[in-house]
Amino acid sequence: MRSGRIDLDAGNVIDSNKLERDAKNRVHFFASRSRLKMRSGQSGLRRNDLGVMRDEGREDMPVLEGKTALVTGVSHAGQVGEAVARKLAEAGAALVICARTQSNVEARAQDLRNGGARVLGLAASLTDEGQVNQLVQRALGEFGRVDILVNLAGGLTRYKPAIEHSLDDWTQELNNNLLSAFLMSRAVFPHMRDAGGGVIVNFARAGLPQANMVAYNCAKAGVEALTRTFALEGRDMGIRVNAIGPGLTDTASNIAMMKPKDTAHWAKREDIAETICFLASDAGKGITGQTIDVTGAGL
2 MRSGRIDLDA GNVIDSNKLE RDAKNRVHFF ASRSRLKMRS GQSGLRRNDL GVMRDEGRED
62 MPVLEGKTAL VTGVSHAGQV GEAVARKLAE AGAALVICAR TQSNVEARAQ DLRNGGARVL
122 GLAASLTDEG QVNQLVQRAL GEFGRVDILV NLAGGLTRYK PAIEHSLDDW TQELNNNLLS
182 AFLMSRAVFP HMRDAGGGVI VNFARAGLPQ ANMVAYNCAK AGVEALTRTF ALEGRDMGIR
242 VNAIGPGLTD TASNIAMMKP KDTAHWAKRE DIAETICFLA SDAGKGITGQ TIDVTGAGL
């Protein structure tokens with residue numbers, strides 16, 4: 002067994018008078034990164050009315066002001082969770098971030114506050130039904146709403162042949178990746194329904210199943226089924242549910258463990274974060290029940 006953790010995770014009707022604007026949003030979103038960087042360099046960052054740093058030159062930046070996003074799995078610097086939380090804050094969302102360890106999540110929360118974000122950092126075990134429900138209640142108590150849920154918690158922690166997987170290996174991998182997403186989605190769903198809508202983004206995986214990951218592969222297949230089911234049940238409530246299928250990602254832990262000579266073909270944390278931000282915004286309102294692969298050039 003290899004030690005450590007590999008972060009591989011790391012239709013609504015569109016109003017006809019908004020079709021043109023939505024099309025422009027999508028064109029902007031999928032513009033080349035060099036063009037975006039050039040535009041950013043022309044104007045720089047500015048604080049919006051809520052005190053959050055935003056790039057005024059980024060015409061494609063989805064607007065999430067007035068929204069609250071709950072993001073799980075935000076524990077360490079240089080990981081996908083941190084990039085996603087930061088991107089949502091830049092778009093104007095208030096944040097509730099969580100991880101297992103209070104010291105880790107509070108460190109990330111303070112980093113985000115230093116950038117002007119409004120953040121509540123909470124520790125919780127997302128496989129514990131009671132703690133999940135308390136987490137959602139704390140979020141509602143702090144901000145009064147949860148508009149966006151991003152289920153990032155999970156990852157590959159068991160890497161060995163299928164016949165060597167113990168029952169505990171199987172249970173832990175499914176709990177961390179699938180049960181946590183189910184409990185969180187179930188907890189926020191009634192509040193999104195009562196508020197007239199919301200967005201959930203799960204973490205699946207890109208590509209075909211690979212050897213030595215039987216529990217992880219099954220868990221992520223379950224996440225895709227979970228995504229589709231919640232999307233079907235939420236479509237008449239204004240709730241959209243999608244999943245990201247990340248490829249091998251340039252997280253700090255992956256780079257430290259795998260020591261690659263080149264990460265040019267890896268998925269970028271920033272690209273994953275921007276895709277999630279797009280799905281969470283009105284620009285992505287025509288997309289639900291889908292798994293969108295973000296693989297960089299690693300096809």
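Under the numbering used here, the residues of the sequence shown are numbered 2 to 300, in order.
Beta carbons: idealized from backbone N, C-alpha and C, even for Gly.
Check                                                                                                                                                            : Outcome
When you compare only the Cα positions, how much space is there between Lys137 and Ala188?                                                                       : Contrary to the premise, residue 137 reads as Val rather than Lys in this sequence. Cα to Cα, Val137 sits roughly 7 Å from Ala188.
Can you grab the Cα-Cα spacing for the pair Lys262 / Ile256, in whole Å?                                                                                         : 10 Å
Pro210 by DSSP, collapsed to three states: which one?                                                                                                            : coil
Take Thr228 and list the residues in its own chain whose beta-carbon comes closer than 6 Å to its own, dropping the five residues that flank it on each side.    : Asn203, Val242, Ala244
Do Val215 and Ala163 have their C-beta atoms closer together than 7 Å?                                                                                           : yes
Could you tell me which residues DSSP pairs with Ile201 in its beta bridges?                                                                                     : Leu150, Val242
To the nearest angstrom, how far is it from the Cα of Lys68 to the Cα of Ala95?                                                                                  : 6 Å
Quick one: is Asn115 buried, meaning 16 or more other Cβ sit within 10 Å of its Cβ, or exposed?                                                                  : exposed
Check whether the Cβ atoms of Glu143 and Leu113 sit closer than 7 Å, and answer yes or no.                                                                       : no
Work out the CA separation of Glu234 and Glu66 for me, nearest whole Å.                                                                                          : 27 Å
Out of curiosity, what's the CA-to-CA distance linking Lys305 and Ala70?                                                                                         : What is shown of the chain runs 2 to 300, which leaves residue 305 out entirely.
Excluding the 5 residues flanking Phe183 on each side, which residues of the same chain have their C-beta closer than 8 Å to its C-beta?                         : Leu227
Can you find the residues in the same chain that come closer than 8 Å, C-beta to C-beta, to Ala84, ignoring five residues on each side of it along the sequence? : Arg270, Glu271, Ile273, Ala274
For His77 and Asn105, I'd like the C-alpha separation in whole angstroms.                                                                                        : 7 Å
Just grab the DSSP bridge partners of Cys219 for me.                                                                                                             : Bridge partners of Cys219: none, in fact.
Could you work out which residue in Thr250, Thr289, Gly290, Ala281 is closest to Ala90 when comparing CA atoms only?                                             : Ala281
Suppose the cutoff is 6 Å on Cβ atoms and the five residues either side in sequence are ignored; what does the same chain contact list for Gly199 look like?     : Asp148, Met193, Ile240
Out of Ala86, Leu127, Ser126, Asp129, which has the shortest C-alpha to C-alpha gap to Arg109?                                                                   : Ala86
Hey, how far is the Cα of Lys221 from the Cα of Arg206?                                                                                                          : 6 Å
Note the first and the last residue of the continuous beta strand (DSSP E) segment covering Gly122.                                                              : 120-124
What are the boundary residues of the alpha helix (DSSP H) that includes Ala196?                                                                                 : 181-196
Tell me the rounded alpha-carbon separation between Gln211 and Gly156.                                                                                           : 14 Å
Report the partner residues of Val97 according to the DSSP bridge assignment.                                                                                    : Leu71, Leu121
Distance check for Gly246 and Val1, CA to CA, integer angstroms please.                                                                                          : Any property of residue 1 remains undetermined from this structure, which presents the chain solely from 2 to 300.
Could you tell me the alpha carbon to alpha carbon distance between Leu75 and Ala253, rounded to whole angstroms?                                                : For the record, residue 75 in the displayed sequence is Val; it is not Leu. For Val75 and Ala253, the distance between alpha carbons rounds to 13 Å.
Kindly give me the distance between the Cβ atoms of Tyr217 and Glu165, rounded to whole angstroms, as I take these residues to be in contact under 8 Å.          : Wrong, their Cβ atoms sit about 14 Å apart, outside the cutoff.
Any idea if Thr102 is buried or exposed, counting beta-carbon neighbours within 10 angstroms, 16 or more meaning buried?                                         : exposed
How is Leu113 classed by DSSP in three states: helix, strand or coil?                                                                                            : helix
Considering only the beta carbon of each residue, do Thr289 and Ala232 sit closer than 7 Å?                                                                      : yes
Report the three-state DSSP secondary structure of Leu233 (helix, strand or coil).                                                                               : helix
Using DSSP with H/G/I as helix, E/B as strand and the rest coil, what is Ala78?                                                                                  : coil
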